[in-house]
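J.: Quick one: structure below, then a few questions.
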Amino acid sequence: MSADAKHVPLSKADRLRQDADAAGEVRRLSEHPDVVALAVERVRKTVDVLMWLGIALGLAFTMVNVQTFAAEGAAAWSLPWVAAWLLDPMVSLVLIAVLRAEQITARYELPPDRWANRTKWFAFLATYTMNTWQSWAALSLSGVVLHSVPPFIVFLAAEAAPGLRDQLTKSVTRAAETAAVNTPAEPLTTPAENDSVTTTATPVAESDTTGPETVAESPAPRPRQRSAARARGTAAGRASGHRKGRDAYVSEARAAWAPGIEITPAWVREVTGCKRTTSKNVADALRAQLVPATPAAAEPVAESEPDPAQQPGIQERSAA
């Protein structure tokens, strides 16, 4: 009896259930459009290689018969005899060029040009005629059959290859369409987006129910002020392009400071971009500048007027 990852013995039903899940996953992945396209591309390459190999061998076989037909009694290695070897390659190269172009157009399901078809048919008929001429003249049926097979194979391969490529392309398209139909539509918003919308909407609803005092005491604007101040300090530091002194850092920090912001070395480093050793001195200097300028929190106590009854002159006049 086999065991799972936790070394728990599995029953036969559990093993079959795991096999079914694994088989379903393999089938689902094997039917994926990208996997199907990759498999079809491999088959397409194999078909192209075999087709071109058969066409090349067929044209090479017909070359000897075409040369014999073109030379026709010329002395070996004479100029007509050598020129006769150029006839079959001339026709074969044109035929190969047309087939190569059809290979690309069939990949994108484009119709072939009529002149391309005419050129292909003429090249085939010319090759077949020159290849079987001597056999037909001698009425040799065996020679006709022997020299007819290679040209017909070349012709059939040239006609079948574009159709096969077209069907392979349609199989990839069919797999993609089937996957699109079987795949359920995804929601417009993901769960993460829904959570973010709910999270941002909740504080707004609570702020409507709270009083004006709570809204006034909300510290929400502080991060915005810090970020804006940090942006100003960073931009100023980049624009200066040289090392600044403590007074310049103090000026930047004072420009970024707003009521309610606690002056700390960390805050100074954030808004000015200075080093840790300089931030403490800048913070102390900024506090020293802002303390005299900050109004006193408590109102001054009004001087109490002296009691007339307690003044000595008034007491003597009242006694007299």
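Using this note's numbering, the first residue of the sequence shown is number 2, and each one after it goes up by one.
We put the beta carbon where it would ideally sit given N, CA and C, even for glycine.
Since we're looking at a predicted model, the values are computed, not measured.
Please classify H148 as buried or exposed, where buried requires at least 16 neighbouring CB atoms within 10 angstroms.
T.: Here residue 148 refers to the residue found at position 147 when the sequence shown is read from its first residue. Buried, because 16 or more other Cβ atoms sit within 10 Å of the Cβ of H148.
J.: Spatial neighbours of P192 within its chain, please: C-beta separation below 6 angstroms, excluding the five flanking residues on both sides.
T.: For this step, residue 192 is matched to residue 191 along the sequence shown. Since pLDDT at P192 reaches only 46, below the 50 mark, its modelled position is unreliable, and no value is offered.
J.: Return the residue from the list G59, R175, A286 that minimises the CA-CA distance to S93.
T.: Locating residue 93 in the sequence shown gives position 92, where the first residue counts as 1. Comparing Cα positions, the closest option is G59.
J.: For my contact list, K121 and V146 are in at a C-beta cut-off of 8 angstroms; report their separation, rounded to the angstrom.
T.: To locate residue 121, count along the sequence shown from 1; it is residue 120. To locate residue 146, count along the sequence shown from 1; it is residue 145. Rounded to the nearest angstrom, the Cβ distance from K121 to V146 is 23 angstroms, too far for a contact under 8 angstroms.
J.: Could you give the DSSP three-state label for P10: helix, strand or coil?
T.: As a working note, residue 10 is residue 9 in the sequence shown. Here P10 sits in strand by DSSP.
J.: Can you find the residues in the same chain that come closer than 6 angstroms, C-beta to C-beta, to A256, ignoring five residues on each side of it along the sequence?
T.: The sequence position of residue 256 within the sequence shown is 255, counting from 1. No residues qualify anywhere along the chain.
J.: Around the Cβ of V150, are there at least 16 other Cβ atoms within 10 angstroms (buried) or fewer (exposed)?
T.: Residue 150 sits at position 149 when you count from the first residue of the sequence shown. Burial call: exposed.
J.: So, with DSSP's three-state summary, where would you put T179?
T.: By 1-based counting over the sequence shown, the position of residue 179 is 178. In this structure, T179 counts as helix in the three-state DSSP scheme.
J.: Cα separation between L96 and F70?
T.: Locating residue 96 in the sequence shown gives position 95, where the first residue counts as 1. Locating residue 70 in the sequence shown gives position 69, where the first residue counts as 1. For L96 and F70, the distance between alpha carbons rounds to 20 angstroms.
J.: Just to check my reading of the structure: A176 and P81 have Cβ atoms closer than 8 angstroms, yes? What is that Cβ distance to the nearest angstrom?
T.: The sequence position of residue 176 within the sequence shown is 175, counting from 1. The sequence position of residue 81 within the sequence shown is 80, counting from 1. Rounded, the Cβ-Cβ distance is 57 angstroms, inconsistent with contact.
J.: Which residue spans inside the segment 99-143 form an unbroken alpha helix (DSSP H) run of at least 4?
T.: 115-138
J.: Can you give me the C-alpha to C-alpha distance between R247 and N282, rounded to a whole angstrom?
T.: Residue numbering aside, residue 247 sits at position 246 when the sequence shown is read from its first letter. Residue numbering aside, residue 282 sits at position 281 when the sequence shown is read from its first letter. About 8 angstroms.
J.: When you compare each of A72, A77, Q104, A76 to D89 by their alpha carbons, which one comes out closest?
T.: Numbered from 1 along the sequence shown, position 88 holds the residue referred to as residue 89. The candidate whose alpha carbon is nearest that of D89 is A72.
J.: Mapping the DSSP letters down to three states, classify W268 as helix, strand or coil.
T.: As a working note, residue 268 is residue 267 in the sequence shown. Of the three classes helix, strand and coil, the one that applies to W268 here is helix, per DSSP.
J.: Residue range of the alpha helix (DSSP H) that G55 falls in?
T.: Reading the sequence shown from its first residue, position 54 is the one you call residue 55. That run of the alpha helix (DSSP H) goes 34-72.
J.: Does the Cβ of M91 have 16 or more other Cβ atoms within 10 Å, making it buried, or fewer, making it exposed?
T.: The residue you call residue 91 lines up with position 90 of the sequence shown. Answer is exposed; the Cβ neighbour count stays below 16.
J.: Compute the distance between the beta-carbons of L169 and V44, then report whether it is under 8 angstroms.
T.: Start at 1 with the first residue of the sequence shown, and residue 169 comes out as number 168. Start at 1 with the first residue of the sequence shown, and residue 44 comes out as number 43. Inclusion of L169 and V44 in the CB contact set at 8 angstroms is warranted, their separation being smaller than that value.
J.: Measuring alpha carbon to alpha carbon, tell me which residue in A162, S31, P10 is nearest A180.
T.: Within the sequence shown, the letter at position 179 stands for residue 180. A180 has its Cα closest to that of S31, out of A162, S31, P10.
J.: Is P113 near the ligand NAP - that is, is its Cβ less than 7 angstroms away from at least one heavy atom of it?
T.: Only the bare structure without any ligand can be found here, which leaves the ligand NAP out of the picture.
J.: Less than 8 angstroms separating the beta-carbons of V269 and A284?
T.: Start at 1 with the first residue of the sequence shown, and residue 269 comes out as number 268. Start at 1 with the first residue of the sequence shown, and residue 284 comes out as number 283. The answer is yes: Cβ separation under 8 angstroms.
J.: Would F125 and P152 qualify as a contact pair, given that the criterion is a beta-carbon distance under 8 angstroms?
T.: Counting from 1 along the sequence shown, the entry for residue 125 is found at position 124. Counting from 1 along the sequence shown, the entry for residue 152 is found at position 151. Closer than 8 angstroms, so yes.
J.: Give every residue of the same chain whose Cβ lies closer than 7 angstroms to the Cβ of N118, excluding the five residues on either side of it in the sequence, and list them in chain order.
T.: Start at 1 with the first residue of the sequence shown, and residue 118 comes out as number 117. Here the set comprises nothing.
J.: Mind checking which residues open and close the alpha helix (DSSP H) that includes S252?
T.: Numbered from its first residue, the sequence shown carries residue 252 at position 251. According to the DSSP assignment, S252 belongs to the alpha helix (DSSP H) that extends over 247-257.
J.: Is A77 helix, strand or coil when you go by DSSP?
T.: Locating residue 77 in the sequence shown gives position 76, where the first residue counts as 1. Looking at A77 - three-state DSSP - the assignment turns out to be coil, as it is neither helix nor strand.
J.: When DSSP labels each residue in this structure, what does K276 get in the three-state scheme?
T.: As a position in the sequence shown, residue 276 is number 275, starting the count at 1. Three-state DSSP puts K276 in coil, outside helix and strand.
J.: Shortest alpha-carbon distance to C275 belongs to which of A138, K245, F156, R115?
T.: Residue numbering aside, residue 275 sits at position 274 when the sequence shown is read from its first letter. It is K245 whose Cα lies nearest to the Cα of C275.
J.: Which same chain residues end up closer than 7 angstroms to V41 when comparing Cβ atoms and leaving out the 5 residues on each side of it in sequence?
T.: On the sequence shown, position 40 is the one that residue 41 refers to. Result list for V41: L169, S172, V173, in chain order.
J.: For a quick check, are the C-beta atoms of S252 and P266 less than 8 angstroms apart?
T.: Here residue 252 is taken as the residue at index 251 of the sequence shown, counted from 1. Here residue 266 is taken as the residue at index 265 of the sequence shown, counted from 1. Not closer than 8 angstroms, so no.
J.: Please list, in chain order, all residues of the same chain as A75 whose beta carbon is under 8 angstroms from its beta carbon, the five residues on each side excluded.
T.: By one-based count along the sequence shown, residue 75 stands at place 74. These residues qualify, in order along the chain: P81, W82, A85.
J.: Check each candidate in A61, R166, G261 and name the one with the smallest Cα separation from A38.
T.: Here residue 38 is taken as the residue at index 37 of the sequence shown, counted from 1. For A38, the nearest C-alpha among the options comes from R166.
J.: Distance, Cα to Cα, R16 vs D22?
T.: The count along the sequence shown starts at 1 and reaches residue 16 at position 15. The count along the sequence shown starts at 1 and reaches residue 22 at position 21. If I take the Cα positions, the gap works out to 10 angstroms.
J.: How about T63 and T130: are their beta carbons less than 8 angstroms apart?
T.: Along the sequence shown, one-based indexing puts residue 63 at 62. Along the sequence shown, one-based indexing puts residue 130 at 129. Not a contact, by the Cβ cut-off of 8 angstroms.
J.: Assign W86 to one of three DSSP states: helix, strand, or coil.
T.: Stepping through the sequence shown from its first residue, residue 86 is reached at position 85. Three-state result, W86: coil.
J.: Taking the straight line between their C-alpha atoms, what separation do you get for I56 and N183?
T.: Residue mapping note: residue 56 aligns to position 55 of the sequence shown, counting from 1. Residue mapping note: residue 183 aligns to position 182 of the sequence shown, counting from 1. So the two alpha carbons sit approximately 42 angstroms from each other.
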